[in-house]
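Taking the working numbering, the leading residue of the sequence shown gets 18, the next gets one more, and so forth. No residue lacks a Cβ here, since even glycine has one placed at the ideal position from N, Cα and C.
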Amino acid sequence: MIKPGEYQNMEIARIKNQGAYLREIEDRDSGGTADEVLLPGKQIPEGAGPGDTVRVFIYRDSSDRLIATTAEPLITLGEVKRLKVREKTRIGAFLDWGLEKDLLLPFREQTGEFSEGDELLVALYIDKSGRLAATMNVYPYLKLHSPYQSGDSVTGTVYQTSDNFGVFVAVDDIYSGMIPKKDAQKGFRVGETLTLRVSGVKEDGKLDLTARDKAYLEIESDADAVLLKIREDYKGELPFDDKADPDVIREVFGLSKAAFKRAVGHLYKERLLLIEDGKIRIV
Numbered sequence: 018m019i020k021p022g023e024y025q026n027m028e029i030a031r032i033k034n035q036g037a038y039l040r041e042i043e044d045r046d047s048g049g050t051a052d053e054v055l056l057p058g059k060q061i062p063e064g065a066g067p068g069d070t071v072r073v074f075i076y077r078d079s080s081d082r083l084i085a086t087t088a089e090p091l092i093t094l095g096e097v098k099r100l101k102v103r104e105k106t107r108i109g110a111f112l113d114w115g116l117e118k119d120l121l122l123p124f125r126e127q128t129g130e131f132s133e134g135d136e137l138l139v140a141l142y143i144d145k146s147g148r149l150a151a152t153m154n155v156y157p158y159l160k161l162h163s164p165y166q167s168g169d170s171v172t173g174t175v176y177q178t179s180d181n182f183g184v185f186v187a188v189d190d191i192y193s194g195m196i197p198k199k200d201a202q203k204g205f206r207v208g209e210t211l212t213l214r215v216s217g218v219k220e221d222g223k224l225d226l227t228a229r230d231k232a233y234l235e236i237e238s239d240a241d242a243v244l245l246k247i248r249e250d251y252k253g254e255l256p257f258d259d260k261a262d263p264d265v266i267r268e269v270f271g272l273s274k275a276a277f278k279r280a281v282g283h284l285y286k287e288r289l290l291l292i293e294d295g296k297i298r299i300v
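Okay, structure coming up:
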């Protein structure tokens, strides 16, 4: 079977003016009519002729016909790679994947905003009509069981955000990870590259991630930020204390309730804050 999106070793059955017609090697002695695919003349290796084997990549040309090429694409079926956006159109975006015909990224497969010239993390798949296309929803194509453990520092790319679950990240652009909603205290954008810490490893091998360092390393910086916010934005008196709703704390300070309580507790011990009557006041 001729498989679009993959490399195949095929035999040159015959050569015509337009190029070489290739067939699968196992069809050579079948006696039946084998499917053939064209390798354009300029792609035929020098000195190759009928009976010779060539390694080719199969895709569809601008007329939607299967075609072979000896050029090497930047991505193959099921892989996750970074590709540059050549053009945005009414039907979707077109990506440079190293072949003459650009790769379509349909609107429905886009998970965030981007501009021409940006590099996007995408996977290559076959759509319902049998065409190769790109998707930014790379979740099904990422690997599990990475070599990382809790506490490790990793680099990842944001490929999707969810108000319900958190921020989905491809660690090393290979492994499945997520910043849970409770730890996603700032606005993350699709395509952003982050340095993160592994906060846990799930039974299925997926990584829980956090953009925050270990608590004891962040208390000082969080405390400074809280103090500055109260002084400049609230004229020295915050209208709520560390028992406030977590969503309110996150909205105002960009911190989880636990991190806010640690920062306030630190400032209180340093006698820089006073907590009374449901308010926090700078001493």
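Specify the secondary structure class of residue i as computed by DSSP and reduced to three states.
i, result
"V71", "strand"
"Y158", "helix"
"S273", "coil"
"R298", "strand"
"R206", "coil"
"S146", "coil"
"S216", "strand"
"G282", "helix"
"I247", "helix"
"I196", "strand"
"A240", "helix"
"Y233", "The predicted position of Y233 is uncertain, since its pLDDT is 46 and thus under 50; a value taken from the coordinates is nonetheless stated next. Three-state result, Y233: helix."
"E43", "helix"
"G36", "strand"
"E254", "strand"
"E287", "coil"
"A140", "strand"
"A302", "Any answer about residue 302 is impossible in this case: the structure gives the chain only from 18 up to 300."
Buried or exposed for residue i, please, with buried defined as at least 16 other CB atoms from any protein chain shown within 10 angstroms of its CB.
i, result
"K98", "buried"
"R267", "buried"
"Q35", "exposed"
"M18", "exposed"
"R90", "The displayed chain sequence assigns Pro, not Arg, to residue 90. Classification of P90: buried, given that the 10 Å Cβ count is 16 or more."
"E287", "exposed"
"F124", "exposed"
"V104", "It should be noted that the sequence gives Glu, not Val, for residue 104. Its Cβ having fewer than 16 others within 10 Å, E104 is exposed."
"V281", "buried"
"S273", "buried"
"S167", "exposed"
"D81", "exposed"
"A150", "buried"
"T106", "exposed"
"R31", "exposed"
"R206", "exposed"
"G253", "exposed"
"D259", "buried"
"K223", "buried"
"G64", "exposed"
"D239", "buried"
"G134", "exposed"
"S79", "exposed"
"I42", "exposed"
Could you pull the start and end residues of the beta strand (DSSP E) that residue i belongs to?
i, result
"R31", "24–33"
"D225", "224–227"
"A291", "Note on identity: in this sequence residue 291 is Leu, with Ala being the wrong assignment. Note, L291: beta strand (DSSP E), 290–293."
Can you tell me where the alpha helix (DSSP H) with residue i in it begins and where it stops?
i, result
"I266", "263–270"
*Complete beta strand (DSSP E) runs within the region 165–191 (minimum length 3 residues, chain order)*: Listed in chain order, the complete beta strand (DSSP E) runs (minimum 3 residues) inside the region 165–191 are 170–179, 183–188.
*Which whole runs of the alpha helix (DSSP H) in the region 52–134 are 4 residues long or more, in chain order?*
The region 52–134 contains no whole alpha helix (DSSP H) run of 4 or more residues.
*Using 8 Å as the Cβ pair cut-off and three pairs as the minimum, do the region 87–98 and the region 130–144 touch?*
Enough Cβ pairs lie closer than 8 Å, so yes.
_Segment contact, 8 Å Cβ cut-off, at least three pairs: the region 170–187 with the region 205–212_ = Flag = yes, the region 170–187 and the region 205–212 touch.
*Is the region 106–120 touching the region 59–73, taking contact as three or more C-beta pairs under 8 Å?*
Flag = no, the region 106–120 and the region 59–73 do not touch.
*Could you say if the region 243–256 and the region 216–224 meet the contact criterion of at least three C-beta pairs nearer than 8 Å?*
The region 243–256 makes no contact with the region 216–224, as fewer than three CB pairs between them are under 8 Å.
*Touch check for the region 123–131 and the region 163–171: three-plus C-beta pairs under 8 Å?*
The region 123–131 makes no contact with the region 163–171, as fewer than three CB pairs between them are under 8 Å.
*Below 8 Å, can you find three or more Cβ-Cβ pairs linking the region 195–206 to the region 171–181?*
They touch, by the three-pair rule.
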